[in-house]
Structure formats: C-alpha cells, structure tokens
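Some notes on the structure that comes next.
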Amino acid sequence: MNRTEAIIRMHSRNKQQWFYIPWIILMSSFGVNLIVGAFNPAVEGTYTGGIASIFIYTFVIGILAFVQTFPFALGLSVRRRDYYWGTLTSAVIAFAFTALLLFLFSIAESQWTNNWGVNLHFFDLPYWSDGNIINRFLIPLLLLLNQFVFGFAIGGFYRRFGKIGMLVIAIVVIVLGTVASFILSTYGYWANLFDWFSDMTMIELALYTLPITVLLAALAYGFIRRATV
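Using the numbering used here, the first residue of the sequence shown is number -6, and each one after it goes up by one.
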C-alpha cells in the first residue's frame, strides 16, 4: 500500500467528522422544518435554506482535516505530496457520496413523497434544482469540493504563516472588500452585478467555482510544501 492510500485510509477512519456530524446537523434542520410544516402547513409551500448547513460545515471540515491530521501524517514520515493528494482524493470520494445522497433526497422530495406530504421544499428548491436532473448531483458536488478546498487552503495558510499571517490577510480582505463595495456603490455597478448573477443558471454558477477550486487547491499545495509542524 503506497502512502497516498495510507492517507486515504487515515481519513476514512474519521467517519464522524466527514459524514456523521454534517448529516446530523442537516437532518436536525430537516426534522425541525418537517415538524413545523406538519403543524403549520403553508398553502404556497414551506421553503427553507437549511441545506446550506452542510456546505458551511464542509468548509469547517477543510480546516479541521488539515490542522488535525497534517502534523500526525508527517510524524509517520509521509511525504507532503502524498498527504496532499491523499486528502484531496478522500474529499472527492466523501463528497461524491454526500452529493449522491443530496441528489436522492431531492428526487424523493419532489417525485416520490409529494414534498414529504407537508409541501416542504428542503432538498428540492426553485433555481437550485432547475435544469437537467443530473444537475442535482453536480451542483452540490462542485460546491462541496469548493468549500472543502477553501477551508483546506486556509488551514494550510495558517500552518505556513501563523496567527500574524491570518491577521494580515484578514485586514487585506476587509480593505479590498471595502474598496470594492465603494467602487460598486459610487459607479452604480451593483445593479449590473445582480443582473449578471440573475441571468445565470445554478449549474453555470457552480461551474464557475471550478477554476476557483483549482486555484485554491494549487495555493493549498504551496502552503503544504512550506508549512511548519
């Protein structure tokens, strides 16, 4: 067994972090909304954004996966490159399975259960579920990978530059965000920006995250190569 496979096996043992906790959070939100929908049915349907919780936690997984396992892996004499590819492969496997479950729940909600019998839209949402049925798998997969790699890159950045580096990058992001907001407001570009987003389908937006994910993955690799333990 090569060392990349060893990293995959290492991550696969932590089912609680990769699978149980995010689904407990998601299904808790679903259960609450299901109960509310049963006792207070809305004629036009109940629409909720509870599905966002699993994407938020995936970002957290990206940070934790690096911070918790990187020093341990290097202590076992695993090469940084093997750790990187093993972790990314683990993410692809885990989130392909998660995306498949979200896809099945979406189909069950819209086609098999009549929105769980209470007109609840939790997994099957307007805009989110529009288009080809395969989009219901691709959209969550692309967004889950994007959020994981984003968190993974942040974990690598912290290991490379420490607390001072995190403080500096936070200040830079705030300054750039303020300047961008000022320019958009001053020149009236907000409407153009919103129009651009509104003209795109959800799958198009998800595909736009792909080059961002690749860039973040490249940055994460650079941080890993130079990170201290």
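Ideal Cβ positions, reconstructed from N, Cα and C, are used throughout, including at glycine. On a predicted model such as this, the values are computed, not experimentally measured, just so you know.
CB contact flag (residue i, residue j, <8 Å)
{"i": "Asn112", "j": "Pro34", "result": "yes"}
{"i": "Ile147", "j": "Ile56", "result": "yes"}
{"i": "Ala58", "j": "Thr80", "result": "yes"}
{"i": "Leu209", "j": "Phe150", "result": "no"}
{"i": "Ala220", "j": "Arg152", "result": "yes"}
{"i": "Phe116", "j": "Ser99", "result": "yes"}
{"i": "Asn26", "j": "Gly43", "result": "yes"}
{"i": "Thr(-3)", "j": "Trp78", "result": "yes"}
{"i": "Arg72", "j": "Ile217", "result": "no"}
Residue i beta carbon near the ligand FMN (any heavy atom closer than 7 Å)
{"i": "Ser178", "result": "Among the ligands in the structure shown, none appear at all, so the ligand FMN cannot be discussed."}
Length of the line joining the Cα atoms of residue i and residue j
{"i": "Gln61", "j": "Gly181", "result": "45 Å"}
{"i": "Phe48", "j": "Leu137", "result": "6 Å"}
{"i": "Phe154", "j": "Asp75", "result": "22 Å"}
{"i": "Lys8", "j": "Trp121", "result": "28 Å"}
{"i": "Asn(-5)", "j": "Tyr40", "result": "47 Å"}
{"i": "Gly24", "j": "Ile17", "result": "10 Å"}
{"i": "Glu102", "j": "Ser22", "result": "15 Å"}
{"i": "His114", "j": "Ala31", "result": "13 Å"}
{"i": "Thr110", "j": "Ile28", "result": "Residue 110 is actually Gly in this sequence, not Thr. Each residue's Cα considered, the two are about 11 Å apart."}
{"i": "Tyr13", "j": "Leu67", "result": "26 Å"}
{"i": "Thr91", "j": "Thr179", "result": "42 Å"}
{"i": "His4", "j": "Gln10", "result": "9 Å"}
{"i": "Phe175", "j": "Pro119", "result": "32 Å"}
Other residues of its chain near residue i: CB distance less than 6 Å, five sequence neighbours each side excluded
{"i": "Thr202", "result": "Leu135 and Asn139"}
{"i": "Phe96", "result": "Arg129 and Phe130"}
{"i": "Ala84", "result": "Phe141"}
{"i": "Leu19", "result": "Ser46 and Ile47"}
{"i": "Tyr214", "result": "Tyr77"}
Close beta carbons around residue i, own chain, < 7 Å, minus the five adjacent residues each side
{"i": "Ile196", "result": "Gly124, Asn128, Leu131 and Ile132"}
Simplified DSSP state of residue i, which is helix, strand or coil
{"i": "Leu113", "result": "strand"}
{"i": "Tyr214", "result": "helix"}
{"i": "Met195", "result": "helix"}
{"i": "Ala220", "result": "coil"}
{"i": "Glu(-3)", "result": "According to the sequence displayed, residue -3 carries Thr and not Glu. Reduced to three states, the DSSP call for Thr(-3) is helix."}
{"i": "Tyr13", "result": "helix"}
{"i": "Pro204", "result": "helix"}
{"i": "Trp121", "result": "coil"}
Residues near residue i by beta carbon distance below 8 Å, same chain, minus five either side
{"i": "Leu186", "result": "Leu177"}
### Query
What are the uninterrupted segments assigned as alpha helix (DSSP H) that are 4 or more residues long and contained completely in the segment 18 to 91, given in chain order?
45 to 68
### Message
Report the start-end ranges of each alpha helix (DSSP H) in the segment 125 to 192 that is 4 residues or longer and not cut off at the edges.
### Response
128 to 179 and 183 to 191
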